[in-house]
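Have a look at the structure below, then the notes.
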Ligand code: ADP
Ligand code: ADP
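Residue numbers (the numbering used here): 618 to 854.
Structural data, given as structure tokens:
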């Protein structure tokens with residue numbers, strides 16, 4: 618469960634990215650956050666795993682405050698939160714397999730990751746994750762040899778191997794064509810339904826949000842202006 622309690626984010630230049638947000642996102646929800654550019658979507662999403670430090674209020678993840686967490690607790694909480702970005706953020710020259718296994722770095726010493734000593738369980742997780750996103754044959758490909766859609770599926774697989782039960786996706790389809798966009802959204806939806814992972818996704822398109830999410834949160838100028846089901850969401854949201 619993700620809880621925002623009176624959350625405000627004021628950037629150094631005085632701009633308020635978020636204004637007194639109160640929200641609860643329950644386990645297994647598929648939530649789309651929509652709004653125009655500058656509405657605060659990215660600020661909201663990045664606050665959840667504290668990539669952004671909030672200025673006021675508190676955020677709880679499964680009952681524990683990530684806002685007040687010390688370094689060790691922060692690492693522990695973040696292990697349960699996978700992140701997907703618009704530009705994929707993969708290690709380009711590294712294989713699909715290595716990129717995905719890096720999702721489990723929390724479990725590894727640096728040496729293990731450098732020398733690539735992985736366990737049977739690691740390989741099993743990687744294979745399962747790649748199967749779920751339909752890329753089983755790409756295990757040894759270099760990640761920069763894949764298409765944008767394939768790279769995004771690798772980053773989805775990485776969150777699966779991380780065994781994160783919360784997936785945050787910041788405009789994951791913004792640089793993809795419509796057909797690839799559908800595939801990525803379907804993958805995320807499938808993971809949400811089959812594994813009960815919570816998905817919070819930033820989108821530009823209301824149509825896409827309506828098609829895939831159980832709940833839509835509309836932001837404007839750092840405030841929640843809509844919070845309801847896909848059926849309730851109108852084009853003005
Ligand atoms: P969105 O993701 O909806 O496009 P953002 O969360 O990126 O919106 O931005 C919300 C507001 O905060 C905007 O006014 C933006 O200009 C501002 N903002 C975002 N990041 C920064 C930053 N690092 N420094 C100052 N202002 C920022
Ligand atoms: P390397 O460490 O150079 O990758 P390995 O002999 O450990 O060499 O493995 C070669 C490849 O065989 C691995 O990259 C992996 O894809 C595959 N592999 C090794 N062990 C397993 C395993 N237990 N399950 C599935 N695939 C494996």
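Virtual Cβ for every residue (Gly too), placed ideally from N, Cα, C.
Residue 652: CB within 6 Å of a non-hydrogen atom of ligand 1 | Looking up residue 652 in the chain shown gives position 35. In this structure, ligand 1 has a non-hydrogen atom nearer than 6 Å to the beta-carbon of residue 652.
If you compare alpha carbons, which of 646, 712, 619 is closest to residue 675?
-> Taking the first residue of the chain shown as 1, we reach residue 675 at position 58. It is 619 whose Cα lies nearest to the Cα of residue 675.
If you compare alpha carbons, which of 632, 631, 641 is closest to residue 623?
-> Mapped onto the chain shown, residue 623 falls at position 6. The residue with the shortest Cα to Cα distance from residue 623 is 641.
Hey, quick one: how far does the alpha helix (DSSP H) through residue 718 stretch, first residue to last?
-> Within the chain shown, the letter at position 101 stands for residue 718. For residue 718, the enclosing alpha helix (DSSP H) has its first and last residue at 713-718.
Helix or strand or just coil, what does DSSP make of residue 724?
-> Within the chain shown, the letter at position 107 stands for residue 724. Residue confidence for residue 724 is low, a pLDDT of 49 falling below 50, so the modelled location carries little weight; the figure read from the coordinates is stated next. For residue 724, the secondary structure class from DSSP, reduced to helix, strand or coil, is helix.
Can at least three beta-carbon pairs, one atom from the region 686-698 and one from the region 739-757, be found at a separation below 8 Å?
-> The region 686-698 and the region 739-757 do not touch, with fewer than 3 CB-CB distances between them shorter than 8 Å.
Alpha carbon to alpha carbon, how far is residue 626 from residue 830?
-> Here the question's residue 626 lines up with position 9 in the chain shown. Here the question's residue 830 lines up with position 213 in the chain shown. One C-alpha to the other measures close to 26 Å.
Should residue 834 go down as buried or exposed, given a rule of 16 or more other Cβ atoms within 10 Å for buried?
-> In the chain shown, the residue the question calls residue 834 occupies position 217. Residue 834 is buried by the Cβ-count criterion.
Could you give the DSSP three-state label for residue 786: helix, strand or coil?
-> Working through the chain shown from its first residue, we reach residue 786 at position 169. DSSP, read as helix, strand or coil, puts residue 786 in strand.
Burial state of residue 796 (16 or more Cβ within 10 Å) = Counting from one through the chain shown, the residue named residue 796 turns up at place 179. Classification of residue 796: exposed, given that the 10 Å Cβ count is below 16.
DSSP state of residue 618 mapped onto helix, strand, coil | Taking the chain shown and counting its residues from 1, the one referred to as residue 618 is at position 1. When secondary structure is reduced to three states using DSSP, residue 618 falls in the coil class, being assigned neither helix nor strand.
Apart from the five residues just before and just after residue 839, which ones in its own chain have a Cβ nearer than 7 Å to its Cβ?
-> The residue you call residue 839 lines up with position 222 of the chain shown. Result list for residue 839: 633, 634, 635, 636, 657, in chain order.
Helix, strand or coil at residue 849 [DSSP, three-state] | The residue labelled residue 849 in the question sits at position 232 within the chain shown. Reduced to three states, the DSSP call for residue 849 is coil.
Just mark residue 764 as buried or exposed, buried being the case when its beta carbon has 16 or more other beta carbons within 10 Å.
-> Your numbering for residue 764 matches position 147 in the chain shown. Exposed, by the Cβ-count rule.
Could you name the residues of the same chain whose beta carbon sits closer than 6 Å to that of residue 781, not counting the 5 residues immediately before and after it, in chain order?
-> Walking along the chain shown from the start, residue 781 turns up at place 164. Short of 6 Å from the beta carbon of residue 781, and not among the five residues preceding or following it, lie these beta carbons of its own chain, in chain order: 697, 698, 699.
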